[in-house]
Each structure stands twice: as structure tokens, then as C-alpha cells.
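Novice: Would you mind keeping the following structure in view while I ask a few things?
2 protein chains.
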Amino acid sequence: MGGDGDRDERNSRAPLSRERILDAAIAFVDAKGLTALTMRRLGTELGVEAMSLYRYVGGRDDLLEGMVDEMVDRLHLDPDGVRPGPGEGWQAYLQWLAHGVRGLAREHPQVFPLIATRHPAAPWLRPPLRSLRVVEDFLSTLVDRGFTDERAVAAYRAFSSFLLGHLLLEAAVLGSRTAPAVELTDVARSMPTTSSSVDVRDYPLLRRLEDRLSEDHASAEFERALEDLLDRMERELADDLPG
Amino acid sequence: MGGDGDRDERNSRAPLSRERILDAAIAFVDAKGLTALTMRRLGTELGVEAMSLYRYVGGRDDLLEGMVDEMVDRLHLDPDGVRPGPGEGWQAYLQWLAHGVRGLAREHPQVFPLIATRHPAAPWLRPPLRSLRVVEDFLSTLVDRGFTDERAVAAYRAFSSFLLGHLLLEAAVLGSRTAPAVELTDVARSMPTTSSSVDVRDYPLLRRLEDRLSEDHASAEFERALEDLLDRMERELADDLPG
DNA sequence: GTGGGGACCTTACGGCGTAAGTGATATCCC
DNA sequence: GGGATATCACTTACGCCGTAAGGTCCCCAC
Chain P
738 MGGDGDRDER NSRAPLSRER ILDAAIAFVD AKGLTALTMR RLGTELGVEA
788 MSLYRYVGGR DDLLEGMVDE MVDRLHLDPD GVRPGPGEGW QAYLQWLAHG
838 VRGLAREHPQ VFPLIATRHP AAPWLRPPLR SLRVVEDFLS TLVDRGFTDE
888 RAVAAYRAFS SFLLGHLLLE AAVLGSRTAP AVELTDVARS MPTTSSSVDV
938 RDYPLLRRLE DRLSEDHASA EFERALEDLL DRMERELADD LPG
Chain A
738 MGGDGDRDER NSRAPLSRER ILDAAIAFVD AKGLTALTMR RLGTELGVEA
788 MSLYRYVGGR DDLLEGMVDE MVDRLHLDPD GVRPGPGEGW QAYLQWLAHG
838 VRGLAREHPQ VFPLIATRHP AAPWLRPPLR SLRVVEDFLS TLVDRGFTDE
888 RAVAAYRAFS SFLLGHLLLE AAVLGSRTAP AVELTDVARS MPTTSSSVDV
938 RDYPLLRRLE DRLSEDHASA EFERALEDLL DRMERELADD LPG
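Taken in order, these protein sequences are the chains called P and A.
Position 86 of the first sequence, counted from 1, bears residue number 823 in the numbering used here, the numbering being contiguous throughout.
Position 76 of the second sequence, counted from 1, bears residue number 813 in the numbering used here, the numbering being contiguous throughout.
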């Protein structure tokens with residue numbers, strides 16, 4: 738049996754690496770949704786058996802963790818502009834960071850819940866800023882700009898809560914648009930158990946406001962709320978000095 | 738072989754119902770964590786085979802949905818005090834609602850991510866306020882108190898973002914405390930792949946602030962941020978009238 | 001008593017994560 | 001050049017998962 742013919746039977750002979758696997762996993766989730774990601778399917782996607790992935794990722798959990806890490810680490814490359822230098826004030830930095838994280842959420846709405854929901858390594862590593870490097874950078878930037886330790890930590894907490902709430906909701910909307918994921922059979926099966934009939938007529942205000950509720954002002958609301966948050970920080974910061 | 742002896746072989750012969758299943762599931766997740774919840778184990782917990790559950794819940798997905806619905810619906814019973822009447826102003830109502838939702842998050846930190854993360858039935862049914870009844874109540878209360886339709890919708894969006902961000906983070910901390918869930922072997926396996934050695938010495942500010950970062954001021958921060966949010970709403974509301 | 005129907009059980013299937021062992025291919029030392 | 005060795009992917013197998021389909025038992029109306 739000719740041992741020659743199967744030399745390049747798969748043309749995707751890029752040699753497989755942790756990064757290649759993670760990128761493929763992120764792309765896969767973007768396309769098919771989180772629940773569709775299995776080791777076997779991801780292997781198929783890469784032209785490889787599922788078990789081959791285990792040389793690089795240690796397990797499904799480590800795979801998810803790796804996806805999150807890689808995405809968060811992208812923040813320090815160039816989110817969507819140039820990172821503000823030391824001369825530019827902490828507001829510019831927080832604006833830059835906020836928009837960077839928002840970019841992640843909008844580019845990968847199916848992956849973002851993972852960033853937001855998985856238990857971080859340390860409890861004070863709050864999503865969505867779950868990288869030691871990013872948090873160190875956050876705190877040192879603020880301290881360098883005149884924040885006390887206490888104010889910097891408070892700012893970190895307020896900032897992460899803000900990002901998480903706004904971006905998780907924005908990503909949920911984008912994500913449900915991208916991945917219908919619910920088959921018609923699923924809807925059919927879940928129908929009979931849901932309590933009798935949910936009649937919209939029981940909720941007159943919802944009916945009246947449904948169109949308005951469906952409008953999308955995500956960008957404007959995000960900018961507005963971010964500015965409010967920064968104003969609030971600025972006010973609190975000013976309270977420290979004149980004592 | 739004596740057909741008599743197995744009359745009451747299981748003393749848990751309460752007749753099984755959707756509510757009993759949902760309650761058991763919530764208790765199970767509180768105790769063992771979300772990933773430990775399987776149809777088979779939940780059946781065992783109830784003294785029943787897994788397939789018996791399907792007469793009441795339609796599938797695992799419907800089970801999760803039911804848990805969320807039941808928890809959110811508890812808000813309208815008596816969160817942690819008496820619901821403010823029509824004479825009490827929208828601030829009192831929002832305070833009451835916010836503390837009710839926070840109560841859910843703190844009592845069931847392992848379930849809360851489910852409330853926060855699952856795709857709601859309608860895209861404008863934003864977590865964590867995912868019930869038609871609750872949202873109708875929210876909007877009508879505000880409109881009755883003088884909000885325009887537009888302001889009420891904006892308030893709904895800001896309020897849900899606020900709750901989601903703050904409570905998901907608070908629940909994550911409580912949840913990781915409750916369910917260690919990570920076996921020592923898991924940690925060991927995920928170690929070798931995580932990039933070389935993560936040395937805390939590379940992050941001097943984190944080291945300096947670690948204690949401060951670990952302090953728990955969740956309650957005070959929640960109250961403070963909630964008041965800020967209500968103040969902001971009040972200011973915006975006042976802008977409408979005097980025009 | 002009997003038969004019809006509801007509540008629970010049994011069996012079975014395909015897919016999942018992954019432990020363990022097998023083979024093929026590139027690399028290096030002699 | 002030729003074996004030892006390391007590297008990488010594959011194969012096989014196990015136990016657990018969700019759940020489709022059908023069976024069994026018991027209780028109650030007649």
C-alpha cells in the first residue's frame with residue numbers, strides 16, 4: 738500500500754499550538770455560541786482529534802481560562818487607539834481603558850459572559866479586569882496621578898462594577914442577535930410548562946413602552962454613564978485635598 | 738419474594754411537583770454549585786429517577802429557567818420589608834427593590850449568575866429584573882410618580898445595569914467562598930500550562946495594596962452607589978420640569 | 001372487578017470530558 | 001548512516017451526561 742500518497746493529506750498542517758487553539762476557540766464561540774464549544778468539535782475545526790488538544794490546554798476548563806486570559810491581555814496591545822501617556826491625566830486613561838474593554842465585549846459578545854462570570858484566580862481580581870497586569874497598571878496609573886491608595890482601590894471597584902453591568906447587558910443583546918441557538922423544538926418544548934399563557938395585555942405599560950424599550954442607545958448611555966462616573970471620582974478626589 | 742415489604746421504602750413520598758423540584762434544585766445549587774447540578778443527581782436528591790423529573794420540567798434548560806423565574810418572582814412577596822405604598826415616592830420604591838434583589842444575590846450567590854447571564858425571553862427584559870411582572874411594576878411605579886415614559890425607560894436601564902454590575906461581583910465573592918469546587922488536582926493540572934511562573938513581585942502595587950483590595954466593603958459601597966444613582970435620576974428628573 | 005390513566009421506572013442512544021497507551025516522524029549523538 | 005530519543009498526533013476505552021421511548025404499577029370511577 739503506497740506509503741507515499743498520504744504525505745499532505747490535510748493541508749491545514751500548521752503545527753498546532755496553544756495560541757492557535759485559543760484563537761480557534763474564540764472564533765468558534767463567536768460563530769456558534771458557548772454551549773456549542775466541545776473539545777471534539779474544536780478538534781475537528783482544527784483538523785485534529787480532540788485528545789490532541791490536551792497536550793496544550795490541560796482540559797476544557799483551562800481552555801476557557803486561556804480564552805479569557807488571551808482576550809483580556811489584548812487590552813494592553815492597542816484597544817482602539819493609542820494608550821494615553823503620563824501627561825494626559827487619569828480621566829483619559831480610564832476613558833481609554835473603558836473603551837478598550839467595551840471593544841472586547843462588542844467584538845466577542847458570546848465570549849464576554851465568560852470573562853464576566855468565571856471565578857477569578859484571586860477574589861479581588863474583579864471581572865472584567867481579571868489580569869494581574871491590567872489591574873497593576875490601573876492602580877499604578879491612578880496612584881501616579883495623585884490618587885491615595887484608598888481612592889485608587891475604591892476607583893478600581895467602582896470602575897469594574899460599572900463596566901461589568903453595562904457591558905454584560907450590551908453583550909447579551911448582541912450575543913442573542915448573533916447566535917439564535919434556540920431551535921424551534923426547544924421553544925415548543927419549553928412552552929407547555931411555562932405557566933399557562935403569558936398575555937401581553939396583562940402588562941399595559943409594557944405594551945405602551947415596548948417600542949421605546951427596544952430602542953438601542955447603548956453607545957450614548959455608556960458614554961453618559963462613564964462621564965458621570967468620572968465626574969463622581971473627580972469630586973471625591975477633590976474632597977481629599979483641601980480638607 | 739414478599740411483595741409487602743416495600744410499601745414505604747422511601748419515606749420521602751411527598752408527591753413531586755414542579756415547585757418541589759425547583760426548590761430542590763435551588764437548594765442543591767446553593768450547596769454544591771451550578772456545575773454539580775445534573776438531572777440524575779437532582780433526581781437522587783428527591784428520591785426519584787432522573788426521567789421522572791421530565792413530567793414536570795421539560796428538560797434541563799427549562800429547569801434552569803424555572804429556577805430563575807421562581808427566584809425573581811419572590812421579589813413581589815416581601816423582599817426584606819414592606820413594599821412602599823403609593824404615598825412614599827419613587828426613591829423609596831427603588832431602594833426597596835434594590836435591596837430585594839441584593840437579598841436574592843446574597844442568599845443564593847451560586848444561582849445569581851444564572852439570573853444575570855441567561856438570555857432573557859425578550860431582549861428588553863434586562864437581567865437581573867427579568868420578569869414581565871417586575872418590569873411592569875417598575876415602570877408603572879415611576880410613571881405614576883411623575884416620570885415621563887422616556888425617563889422611566891432610561892431609569893430602568895440605568896437601574897438594571899447598576900444592580901447587575903454590583904451584585905454579580907458581590908455574588909461571585911460569596912459564591913467562591915461557599916463552593917470551593919476546585920479540587921486540588923484541578924489546580925495542579927491547570928498550573929503547568931499557565932505561563933511559567935506568576936510572580937507577585939512583578940506587581941509591586943498589587944503587593945502593597947493586596948490587603949486593602951481584600952477588604953470587604955460591599956454593603957457600604959452598594960448603599961453609596963445606589964444613593965448616587967438615585968441622586969443622578971433626581972437631578973435629571975428635575976431638568977424636565979422647569980425647562 | 002375492571003379498565004383507564006397518571007406517576008414513576010427501565011432501557012437505550014449518542015455525545016461529552018478525559019485517562020491511558022500506541023504509533024509515526026523529526027532530531028540528535030555516535 | 002543508524003539507532004536512541006523526544007515530540008506530536010491518534011486510538012481506544014470509561015463513566016457520566018441529557019433525554020427519547022416504552023413499560024409497570026397503583027388508584028379510583030364505574
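Even glycine gets a Cβ: it sits at the ideal position worked out from N, Cα and C.
Please read all numbers here as calculations on a predicted model, not as lab measurements.
1) Name the chain P residues whose beta carbon is nearer than 7 Å to that of A:Ala909?
2) Taking 7 Å as the CB-CB cut-off, is P:Leu759 touching chain A?
3) For chain A, find out if any of its Cβ atoms is closer than 7 Å to the Cβ of P:Asp810; answer yes or no.
4) Quick check on the DSSP output: the alpha helix (DSSP H) that includes A:Phe884 runs from which residue to which?
5) Please state whether the Cβ-Cβ distance between P:Leu876 and A:Leu942 is less than 7 Å.
6) Would P:Glu802 be called buried (16 or more neighbouring beta carbons within 10 Å of its own) or exposed?
7) For P:Gly902, does the three-state DSSP call read helix, strand or coil?
8) Check whether the Cβ atoms of P:Phe849 and P:Ala908 sit closer than 7 Å, and answer yes or no.
9) For A:Thr950, which residues in chain P fall below 7 Å Cβ to Cβ?
10) I'd like to know whether the C-beta atoms of A:Leu905 and P:Val890 end up nearer to each other than 7 Å.
11) Could you check whether the Cβ of P:Gly770 sits closer than 7 Å to any Cβ belonging to chain A?
12) Mind checking if A:Tyr940 is an interface residue toward chain P, Cβ cutoff 7 Å exclusive?
13) Quick one: what does DSSP say P:Ala925 is sitting in, helix, strand or coil?
14) So with CB distances below 7 Å, who are the chain A contacts of P:Leu753?
15) Rounded to a whole number of angstroms, what is the C-alpha to C-alpha distance between P:Glu960 and P:His903?
16) Is the beta carbon of P:Leu759 sitting closer than 7 Å to the one on P:Met788?
17) What is the C-beta distance between P:Leu974 and P:Gln828, in whole angstroms, given that I count them as a contact (C-beta under 8 Å)?
18) Count the other C-beta atoms from every protein chain shown that fall within 10 angstroms of the C-beta of P:Ser898, then say buried if there are 16 or more, exposed otherwise.
19) I'd like to know whether the C-beta atoms of A:Leu771 and A:Gln847 end up nearer to each other than 7 Å.
20) Determine whether the beta carbon atoms of P:Pro823 and P:Tyr830 lie at a separation below 7 Å.
21) So, helix, strand or coil for A:Thr775, using DSSP?
22) Give the residues of chain P in contact with A:Phe899, contact being defined as C-beta atoms less than 7 Å apart.
23) Taking the beta carbon of P:Pro864 as the centre, do at least 16 other beta carbons fall within 10 Å, making it buried, or is it exposed?
24) Consult DSSP for A:Trp861 and reduce its assignment to one of helix, strand or coil.
25) Taking P:Arg843 as the reference, give the member of P:Asp767, P:Met970, P:Ser754, P:Glu958 with the closest Cα.
Specialist: Taking the structure as given:
1) His856
2) no
3) no
4) That residue, A:Phe884, is in no alpha helix (DSSP H); it is neither H nor E in DSSP.
5) yes
6) buried
7) helix
8) yes
9) Note that residue 950 of chain A is Leu in the sequence shown, not Thr. Correct list: Trp861, Val890.
10) no
11) no
12) yes
13) Annotation note: pLDDT 49 at P:Ala925 (below 50); position unreliable, no value reported.
14) By Cβ distance, chain A contributes nothing, its closest Cβ being about 14 Å from P:Leu753, past 7 Å.
15) 11 Å
16) no
17) With 8 Å as the limit, P:Leu974 and P:Gln828 do not qualify as a contact, their Cβ atoms being about 10 Å apart.
18) buried
19) yes
20) no
21) Coil at A:Thr775, not helix or strand.
22) Close to A:Phe899, with beta-carbon spacing below 7 Å, are these residues of chain P in chain order: Gly902.
23) Classification of P:Pro864: buried, given that the 10 Å Cβ count is 16 or more.
24) coil
25) P:Asp767
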